Every structure is written in structure tokens, then in C-alpha cells.
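Residue numbers (the UniProt record's numbering): 1 to 112.
Have a look at the structure below before the remarks.
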């Protein structure tokens with residue numbers, strides 16, 4: 001499956017990113033199908049070829065989470081079909097109610 005990813009370039013502490021299309025299991029240093037643009041987080045500048053992004057999305061490419069956040073600036077709608085993952089909702093336990101198997105066993109009267 002193809003993915004739209006951010007490939008880090010530049011030297012340490014001065015990273016920039018290339019927006020690329022690549023197999024999702026391929027290493028970022030490997031071959032990519034196409035270079036779609038660039039992003040500089042230090043100056044907050046980016047340039048992306050919108051037409052090519054839409055082409056790859058129509059052909060089944062899915063954007064990674066970080067690429068989706070960047071591409072939202074280019075287009076008002078979500079690109080790449082990335083759906084935010086939601087964590088499990090935890091049950092709230094009241095302060096007076098503690099449920100544990102040891103607590104219920106200690107409440108039973110002991111036989112003498």
C-alpha cells in the first residue's frame with residue numbers, strides 16, 4: 001500500500017522534510033514513487049503540489065498522521081483518509097466505591 005510520508009532531510013538541528021509517496025513498509029531512506037513537495041518547520045514554510053496529492057489519494061495512497069496535519073493546511077478537508085485514532089474511554093470510579101476481589105472476601109464473616 002502506498003503512503004504519503006514526510007522524509008527528513010538536512011543536518012542535525014536544522015531538519016527539513018520532503019513530502020513523498022512511498023510504500024508504507026519501505027524505509028525512508030529507500031526509493032520513493034514521487035516527490036510531492038517540501039516543508040521547513042523552522043520557518044513554517046511549505047510547498048506541496050496539490051494536484052499530485054489528490055491524484056495519489058485517488059489511487060489509494062494514505063497519508064500518515066504527520067503528513068495529514070500538514071496537508072490540512074493545503075486543503076480544508078482531510079487528505080489521505082487518515083482517521084484519528086481514539087483511545088479507550090476509562091471508567092470513572094467514585095472515591096467511596098473500590099472494587100477488588102480481596103475486599104469482597106474480607107467482608108464475609110469468618111466461621112469459628
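We put the beta carbon where it would ideally sit given N, CA and C, even for glycine.
Just so we're clear, the structure is a prediction, and the values are computed from it rather than from any experiment.
Compare the beta carbon distance of residue 50 and residue 74 with 8 Å and say whether it is the shorter of the two.
Yes, Cβ-Cβ distance for residue 50 and residue 74 is below 8 Å.
Measuring only the C-alpha atoms, how far is residue 17 from residue 29?
Cα to Cα, residue 17 sits roughly 12 Å from residue 29.
Given this structure, state the Cα-to-Cα distance separating residue 55 from residue 14, to the nearest angstrom.
Cα-Cα distance, rounded: 31 Å.
What residue ranges within the region 22-47 form continuous beta strand (DSSP E) runs of no fewer than 3 residues, ordered along the chain?
DSSP runs (the beta strand (DSSP E)) wholly in the region 22-47: 34-40.
So the candidates are 33, 46, 26; which of them puts its Cα closest to the Cα of residue 70?
Put simply, of 33, 46, 26 the residue whose alpha carbon is nearest the alpha carbon of residue 70 is 46.
Distance cut-off 7 Å: residue 93 Cβ against heavy atoms of the ligand FMN:
No copy of the ligand FMN appears in this structure; indeed no ligand is present at all.
Looking at residue 2 and residue 19, is the spacing between their C-beta atoms short of 8 Å?
In this structure, residue 2 does not lie closer than 8 Å to residue 19 by Cβ.
Reference residue 6, options 53, 39, 31, 58, closest by Cα
Looking at the Cα atoms, 39 is the closest of the given residues.
Exposed or buried, residue 93, counting other C-beta atoms within 10 Å across all chains shown (16 or more means buried)?
The residue in question, residue 93, is exposed, as its Cβ has fewer than 16 Cβ neighbours within 10 Å.
I need the DSSP call for residue 74, collapsed to helix, strand or coil.
The DSSP-derived three-state label of residue 74 is helix.
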